[in-house]
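Quick note on our numbering: the sequence shown kicks off at 1457 and runs consecutively.
Don't be surprised by glycine CBs; every beta carbon is placed ideally from N, CA and C.
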Amino acid sequence: MFALGQVQSWVLLALTLAALAIEVFAFIHALRTRPDAFVAASKRTKNFWLGVTGVACLLGFVALGGALLFLGIIGVAAAGVYLADVRPAVDSVQGRGRGNNLHQGPYGPW
(Lines of atoms letter the chains of each structure in order from A and count residues from 1; the text may use other names and numbers.)
(Lines give C-alpha, C1' and ligand atoms only; values in the text may rest on other atoms or scores of the structure.)
Protein backbone atom coordinates (compact mmCIF):
# COMPACT_ATOMS: atom_id res chain seq x y z
CA MET A 1 0.00 0.00 0.00
CA PHE A 2 2.88 2.33 0.74
CA ALA A 3 4.32 1.82 -2.75
CA LEU A 4 1.03 2.85 -4.34
CA GLY A 5 1.03 6.07 -2.33
CA GLN A 6 4.58 6.80 -3.41
CA VAL A 7 3.72 6.23 -7.06
CA GLN A 8 0.73 8.56 -6.76
CA SER A 9 2.93 11.23 -5.19
CA TRP A 10 5.49 10.97 -7.99
CA VAL A 11 2.80 11.09 -10.69
CA LEU A 12 1.24 14.15 -9.06
CA LEU A 13 4.63 15.86 -8.88
CA ALA A 14 5.33 15.07 -12.54
CA LEU A 15 1.96 16.46 -13.64
CA THR A 16 2.42 19.59 -11.53
CA LEU A 17 5.89 20.15 -13.00
CA ALA A 18 4.51 19.70 -16.52
CA ALA A 19 1.79 22.26 -15.79
CA LEU A 20 4.40 24.69 -14.43
CA ALA A 21 6.49 24.22 -17.57
CA ILE A 22 3.46 25.09 -19.73
CA GLU A 23 2.82 28.20 -17.66
CA VAL A 24 6.44 29.34 -17.84
CA PHE A 25 6.50 28.75 -21.61
CA ALA A 26 3.37 30.90 -22.04
CA PHE A 27 4.88 33.66 -19.90
CA ILE A 28 8.16 33.66 -21.84
CA HIS A 29 6.29 33.76 -25.15
CA ALA A 30 4.21 36.72 -23.97
CA LEU A 31 7.37 38.44 -22.73
CA ARG A 32 9.18 38.06 -26.07
CA THR A 33 6.27 39.14 -28.29
CA ARG A 34 6.09 42.73 -29.56
CA PRO A 35 3.38 44.84 -27.90
CA ASP A 36 1.85 45.96 -31.22
CA ALA A 37 1.29 42.34 -32.27
CA PHE A 38 -1.35 41.90 -29.56
CA VAL A 39 -3.26 44.96 -30.73
CA ALA A 40 -2.93 44.00 -34.41
CA ALA A 41 -4.30 40.53 -33.64
CA SER A 42 -7.30 42.10 -31.84
CA LYS A 43 -6.26 40.59 -28.52
CA ARG A 44 -5.79 42.40 -25.25
CA THR A 45 -2.60 44.31 -24.48
CA LYS A 46 0.78 42.77 -23.81
CA ASN A 47 0.67 43.90 -20.18
CA PHE A 48 -2.66 42.14 -19.68
CA TRP A 49 -1.31 38.83 -21.00
CA LEU A 50 1.93 39.23 -19.04
CA GLY A 51 -0.20 39.63 -15.93
CA VAL A 52 -2.37 36.62 -16.73
CA THR A 53 0.55 34.33 -17.53
CA GLY A 54 2.63 35.69 -14.65
CA VAL A 55 -0.15 34.95 -12.16
CA ALA A 56 -0.52 31.53 -13.80
CA CYS A 57 3.18 30.86 -13.14
CA LEU A 58 2.78 31.96 -9.54
CA LEU A 59 -0.23 29.68 -9.05
CA GLY A 60 1.64 26.78 -10.63
CA PHE A 61 4.57 27.34 -8.28
CA VAL A 62 2.24 27.39 -5.26
CA ALA A 63 0.69 24.10 -6.42
CA LEU A 64 4.11 22.38 -6.43
CA GLY A 65 3.85 21.72 -2.72
CA GLY A 66 0.85 19.44 -3.21
CA ALA A 67 -1.56 21.70 -1.37
CA LEU A 68 -3.95 24.03 -3.15
CA LEU A 69 -3.92 21.99 -6.36
CA PHE A 70 -7.03 23.77 -7.62
CA LEU A 71 -4.90 26.91 -7.97
CA GLY A 72 -2.56 24.99 -10.24
CA ILE A 73 -5.52 23.93 -12.37
CA ILE A 74 -6.63 27.56 -12.66
CA GLY A 75 -3.10 28.58 -13.64
CA VAL A 76 -2.68 25.94 -16.34
CA ALA A 77 -6.14 26.80 -17.71
CA ALA A 78 -5.14 30.46 -18.05
CA ALA A 79 -1.87 29.52 -19.76
CA GLY A 80 -3.81 27.15 -22.01
CA VAL A 81 -6.12 29.94 -23.11
CA TYR A 82 -3.09 32.05 -24.00
CA LEU A 83 -1.37 29.24 -25.89
CA ALA A 84 -4.49 28.10 -27.76
CA ASP A 85 -5.96 31.48 -28.68
CA VAL A 86 -3.52 34.37 -28.34
CA ARG A 87 -0.24 32.75 -29.36
CA PRO A 88 -1.38 31.61 -32.85
CA ALA A 89 -2.93 35.02 -33.51
CA VAL A 90 0.14 37.04 -32.57
CA ASP A 91 2.43 34.60 -34.36
CA SER A 92 0.48 35.03 -37.59
CA VAL A 93 0.66 38.83 -37.23
CA GLN A 94 4.42 38.61 -36.78
CA GLY A 95 4.82 36.32 -39.77
CA ARG A 96 5.55 33.20 -37.74
CA GLY A 97 3.49 30.04 -37.50
CA ARG A 98 0.85 28.66 -39.84
CA GLY A 99 -1.20 31.81 -40.21
CA ASN A 100 0.47 32.87 -43.47
CA ASN A 101 -1.03 30.20 -45.74
CA LEU A 102 -4.76 29.85 -45.25
CA HIS A 103 -4.92 26.60 -47.22
CA GLN A 104 -2.27 24.83 -45.19
CA GLY A 105 -3.39 21.78 -43.24
CA PRO A 106 -1.43 19.97 -40.55
CA TYR A 107 0.12 17.62 -43.14
CA GLY A 108 0.50 20.02 -46.06
CA PRO A 109 -1.69 22.01 -48.43
CA TRP A 110 -5.26 20.99 -49.13
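Is it right to say residue i is buried, meaning 16 or more other beta carbons lie within 10 angstroms of its own, or is it exposed?
i: S1465; result: exposed
i: L1476; result: buried
i: F1504; result: exposed
i: A1474; result: exposed
i: R1543; result: buried
i: A1519; result: buried
i: V1463; result: exposed
i: G1551; result: exposed
Check whether the Cβ atoms of residue i and residue j sit closer than 8 Å, and answer yes or no.
i: G1528; j: G1510; result: no
i: I1478; j: A1534; result: no
i: K1499; j: A1545; result: yes
i: L1468; j: G1522; result: yes
i: L1524; j: L1506; result: no
i: C1513; j: F1483; result: yes
i: V1549; j: A1470; result: no
Taking the alpha helix (DSSP H) that residue i falls in, what are its first and last residues?
i: L1468; result: 1458 to 1488
i: R1543; result: 1543 to 1549
i: G1510; result: 1502 to 1519
i: A1535; result: 1525 to 1537
i: A1493; result: 1491 to 1496
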